[in-house]
Amino acid sequence: MGRVGFAAAAACAVAACAVAAALVGRRVRARRRWWRAVEVVGEFEEGCATPLGRLRQVVDALVVEMHAGLASDGGSKLKMLLTFIDTLPDGSEEGIYYALDLGGTNFRVLRVQLGGKGSMILSHKVESQPLPEELKSGTSEILFDYIASTLKNFVEREEDDSQQKTDERRALGFTFSFPVRQTSVSSGFLIKWTKGFSIEDAVGKDIARGLEEAMTTKGLNMRVAALVNDTVGTLALGHYYDQDTVAAVIIGTGTNACYIERTDAIIKCQGLLTNSGGMVVNMEWGNFWSSHLPRTSYDIALDEESPNRNDQGFEKMISGMYLGEVVRRVLQRMAQESDLFGDATQNLSVPFSLSTPIMAAMHEDDSPDLERVRQIMEQNFQMPHVPLKTRRLIIRVCDIVTRRAARLAAAGIVGILKKIGRDGSGRSRSKSQRTSVAIEGGLYTGYSNFRDYLNEAVVEILGEEVARNVILRVSEDGSGIGAALLAAAHSLDR
Ligand code: GLC
C-alpha cells in the first residue's frame, strides 16, 4: 500500500470510528432519556402511595372532619349539609312522577310510575343528553329555560292531551348535584358551583324557585316537591330496595357522599330538628382535605391552575373530571424530561385534552401489543409511532392514578362506616350487622379497574370478616329515580 493509500485508509477508519462513536453516544443519550422517563413515573408512583397505614389515617381524618362539620357551619372543609329528609320512601308511594337530574356530564329527564305497596316501581323512562357546554357558564335564566323546555317536550311526548290538562300542580323531583344550603326538602340556596360550572348569578339563589318560574313561563303546571343532591337520590333508591342502605356515594364527573346521621349528632342545628331519629346529611366530601392525602407536584399544579383553587381537593384526586388531566400532566413531564415523544411533545400541553374516558380506554387495553393505546395516542395526540415499551409506561401512569383514586374513595366509605359505628371496630354487634352502600357514577359502574381497586381496598381496610357484611351496590339511575321517589314521598308536604 502506498503512502496515499495508507492515509486514505486511516482517514476512513477515523471517520468510521467517529460515526460509531456518534451512534453509541446517541444510543446512550436515548437510553439515559428513557431512564429519566421511567424515573419520573417512579417518583410519581412513590408520591401516590396509599399503603394500608395511610388509608387508615385518611379514614380517621375524615371522621374527625365529619364531627367538626356537624358541630358548626364552617367548622370543617366538609360542609355536612342538612337535607331535611328524615324519612325515606318505603314503597307505599303511588302515581306518576317526573324528575330532572342536572350536575354530571349528562342532563336527564325521567318519568317514574309507582304502584304503591307491593308493586313498587312499575316502570321508568329516562332520556339523557349531554348538557351543552355553553350553558355551564351563561346565566341562570338560560339554564332554567333550557331545563324547562326539555322537560316540557318530554312530558308532551309521554302523555296524551287529557293527561296533560290536569288542574292539579304536579310534584317534581329535582336532582341538583351541587352544594346547596337547604331550607326545606323542597328549597335551598346554591352555595357555590363545582365541576367547572360558573353561572355567577345563580349563587345564593333558591334553585327550586328559579326552576319553577321557568316552568310556569313554559306553561308547565309543576312544582319542585324535592330538591336533592345526586347522592341523596341514590340513597333513596338504594334504601327503597334494601333497607340496610345507610349511605350513598357518587363517583362520576364529581365525587360526594351522603349518609343517615343520628339527629342528636347534628349539633349545629339542634334547635331546628324536631325528629329524634335520623336525617340524611350531604357531606360534600369532594371538598375534604387532610395532610394525610398523598399529594404530588402534579396535583398542586392542577389545583393552582384551576378556577376553584384550594377547593374540592379530594374530588381533584378521585373524580372523572380530573383523573385524565393528572395523567396528561405526568405524560407531559415525561416528554419534557426525556424527549420521549419528539416533536409531538407540545400536543400534550393542552389542559384536559386527555379525558378520563380516554384514560380508562387505554388502561383497559389488554391486547398484547397495546394496540388501543397506540391508536389513542395517534388519534388524540398525533403521535403515530409510540413504541410498545412507552405504551406500557403510559398504562402504568393510568394505573397509578386510578389506583390512588379508588383507594382514597374506599377510605372515604370506611370513614362513613366508622362514624356511624358500622366498621366493626366498636361493639361486637357491628361486626355482623349487614350494611349496604349505594354507589352511582360512571367511574365505578363503567370502569372495572377502578371498581376492583375500590372493592379490594374496602376489604383491606375493614378486614375480611367485617367486609363480608358490607355490600357495595350499584344503584343505576338512582340519583334521578330516587328524586322522583322523594317527590312522591313529599308531595303532600306543602
Ligand atoms: C360535586 C358536587 C356535589 C355532587 C358531586 C357528584 O362534588 O359539589 O354536590 O354530589 O359533585 O356529582
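Sequential numbering from 1 applies to the sequence shown in UniProt numbering.
Just so you know, even glycine gets a beta-carbon here, dropped at the ideal spot from N, CA and C.
State buried or exposed for residue i, treating a residue as buried only when at least 16 other CB atoms are found within 10 Å of its CB.
i    : result
V350 : exposed
P179 : buried
L462 : buried
K125 : exposed
I267 : exposed
N310 : exposed
K389 : exposed
F450 : buried
A89  : The sequence given here has Pro at residue 89, not Ala. By the 10 Å Cβ count, P89 comes out buried.
T296 : buried
G424 : buried
S491 : buried
G74  : exposed
L382 : The question names Leu, yet the displayed sequence has Gln at residue 382. That one is exposed.
G442 : buried
R27  : exposed
S475 : buried
Q346 : exposed
Indicate whether residue i and residue j have their beta-carbon atoms separated by less than 9 Å.
i           : j    : result
E213        : F144 : yes
L78         : E284 : yes
T50         : R404 : yes
A406        : Y453 : yes
L110        : E93  : no
V437        : I420 : no
F341        : V401 : no
G415        : G320 : no
E440        : T234 : yes
R169        : R223 : yes
G188        : L220 : no
G480        : A148 : no
residue 499 : S198 : Past the edges of the chain, shown from 1 to 494, lies residue 499, and the structure says nothing about it.
A225        : D493 : yes
G210        : G482 : no
E315        : N380 : no
S119        : V112 : no
D86         : M279 : yes
L302        : R333 : no
A360        : G271 : no
R391        : M377 : yes
L485        : V281 : no
L348        : L331 : yes
A409        : I251 : yes
G196        : P307 : yes
T146        : P130 : Checking the sequence shown, residue 146 turns out to be Tyr, not Thr. It is not a contact, given that the beta carbons lie outside the stated cut-off.
F44         : Y444 : no
Kindly indicate which residue of the options has the alpha-carbon position closest to the one of residue i.
i           : options                : result
T105        : A171, S177, A484       : S177
V232        : L393, F174, R434, K117 : F174
Q312        : T139, K218, V458, S76  : S76
D230        : T183, Q346, G103, V280 : G103
G138        : I207, E200, L131, S123 : E200
K152        : L190, G116, K192, K218 : K218
residue 506 : L408, F381, E364       : With the chain represented from 1 up to 494, any question about residue 506 goes unanswered, as that position is not in the structure.
D399        : I318, A265, G188, E159 : I318
S128        : E141, S140, T150       : T150
D206        : M215, L190, A247       : L190
E39         : I96, S353, D264, S338  : S338
A489        : V41, A236, M80         : A236
R434        : R422, E378, L393, Y444 : R422
V185        : Y146, L81, E159, E156  : L81
G324        : S353, Q346, T345       : S353
S72         : C269, Y259, A248, E134 : C269
D477        : A335, T356, A248       : A248
residue 559 : V474, V459, M215       : Nothing in the structure corresponds to residue 559, since the chain is present only between 1 and 494.
A335        : P368, R36, R26         : R36
P357        : E464, F154, V373, A457 : V373
I96         : D160, E133, A171       : A171
E465        : G204, G53, G91, S432   : S432
M215        : I142, E305, M362, I394 : I142
Measuring only between beta-carbons, confirm whether residue i sits less than 9 Å from chain B.
i    : result
R403 : Absent from the structure: chain B. Only one protein chain is present.
Segment contact flag, the region 25–32 with the region 237–244, C-beta cutoff 8 Å, min 3 pairs: no
Contact between the region 289–303 and the region 55–72 (3+ Cβ pairs under 8 Å): yes
Any 3 or more C-beta pairs closer than 8 Å across the region 464–472 and the region 64–77: no
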